[in-house]
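Chemist:
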């Protein structure tokens, strides 16, 4: 005999805090971006839909080639155009190598040169529990 269980409604409350995550490069970068995403979700951020404004943008960069460097700068500039007024945090290999040039790009509020600094940087946005 099959027992019907009541359908439970999701207890998830929609969040007004939105973020956009951009990952350039290798699987390590994908893993690191996932950690950032989990930390932000714990405090109520959700990923913005494609044409939705984001309060916070996070770009994880690569620097394996000159083309990768260019793509990182292009990604930050594109976010600034598409998301005027958003705050952008940049980290990853290119950020560690060229922090001064990235800090000058529009919308950038933090360039993380050492990933051990990520918890401190994201504390500005309310993250107190880092994965």
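Residue numbers (our numbering): 4 to 134.
Ideal placement from N, C-alpha and C gives every residue a C-beta, glycine not left out.
Computed from a prediction, not measured in an experiment: that's the story for all the values here.
#1: As a quick exercise: from 39, 106 and 130, pick the residue whose alpha carbon is nearest that of residue 83.
#2: Nearest to residue 59 by CA position, among 41, 121 and 51, is which residue?
#3: Can you grab the Cα-Cα spacing for the pair residue 44 / residue 68, in whole Å?
#4: Based on the DSSP secondary-structure assignment, which residues constitute the bridge partners of residue 50?
#5: Would you mind reading off the limits of the alpha helix (DSSP H) that contains residue 81?
#6: Got a sec, what are the start and stop residues for the beta strand (DSSP E) residue 60 sits in?
#7: For residue 76 versus residue 24, is the C-beta distance shorter than 8 Å?
#8: By the DSSP assignment, the beta strand (DSSP E) with residue 91 in it spans what residues?
#9: Terminal residues of the continuous alpha helix (DSSP H) containing residue 31?
#10: Tell me which same chain residues have a C-beta within less than 7 Å of the C-beta of residue 116, skipping the five on either side of it?
#11: According to DSSP, is residue 124 helix, strand or coil?
#12: Out of 19, 70, 85 and 63, point me to the one whose CA is closest to residue 113's CA.
#13: Could you compute how far the alpha carbon of residue 125 sits from the alpha carbon of residue 95?
#14: Thinking C-beta only, is residue 80 closer than 8 Å to residue 48?
Modeler: Considering the structure as presented:
#1: As a position in the chain shown, residue 83 is number 80, starting the count at 1. For the residues 39, 106 and 130, the minimum Cα distance to residue 83 belongs to 106.
#2: The residue given as residue 59 occupies position 56 in the chain shown. The closest CA to that of residue 59, considering only 41, 121 and 51, is found on 51.
#3: In the chain shown, the residue the question calls residue 44 occupies position 41. In the chain shown, the residue the question calls residue 68 occupies position 65. A direct Cα-Cα distance of roughly 32 Å separates residue 44 from residue 68.
#4: To locate residue 50, count along the chain shown from 1; it is residue 47. Bridge partners of residue 50: 22.
#5: The residue you call residue 81 lines up with position 78 of the chain shown. 69-85 is the span of the alpha helix (DSSP H), which, as asked, contains residue 81.
#6: As a working note, residue 60 is residue 57 in the chain shown. Here the beta strand (DSSP E) through residue 60 covers 59-64.
#7: Position 73 of the chain shown, counting from 1, holds the residue named residue 76. Position 21 of the chain shown, counting from 1, holds the residue named residue 24. Not a contact, by the Cβ cut-off of 8 Å.
#8: The residue labelled residue 91 in the question sits at position 88 within the chain shown. Its beta strand (DSSP E) spans residues 90-95.
#9: For the purposes of this step, residue 31 is taken as residue 28 along the chain shown, with counting starting at 1. Per DSSP, residue 31 belongs to the alpha helix (DSSP H) from 30-45.
#10: In the chain shown, the residue the question calls residue 116 occupies position 113. Once the five neighbours on either side are set aside, the close Cβ partners of residue 116 are 98, 99 and 102.
#11: Numbered from 1 along the chain shown, position 121 holds the residue referred to as residue 124. Three-state DSSP puts residue 124 in a helix.
#12: As a position in the chain shown, residue 113 is number 110, starting the count at 1. Residue 113 has its Cα closest to that of 63, out of 19, 70, 85 and 63.
#13: Stepping through the chain shown from its first residue, residue 125 is reached at position 122. Stepping through the chain shown from its first residue, residue 95 is reached at position 92. Distance between the alpha carbons of residue 125 and residue 95: 15 Å.
#14: By 1-based counting over the chain shown, the position of residue 48 is 45. By 1-based counting over the chain shown, the position of residue 80 is 77. No. Outside cutoff.
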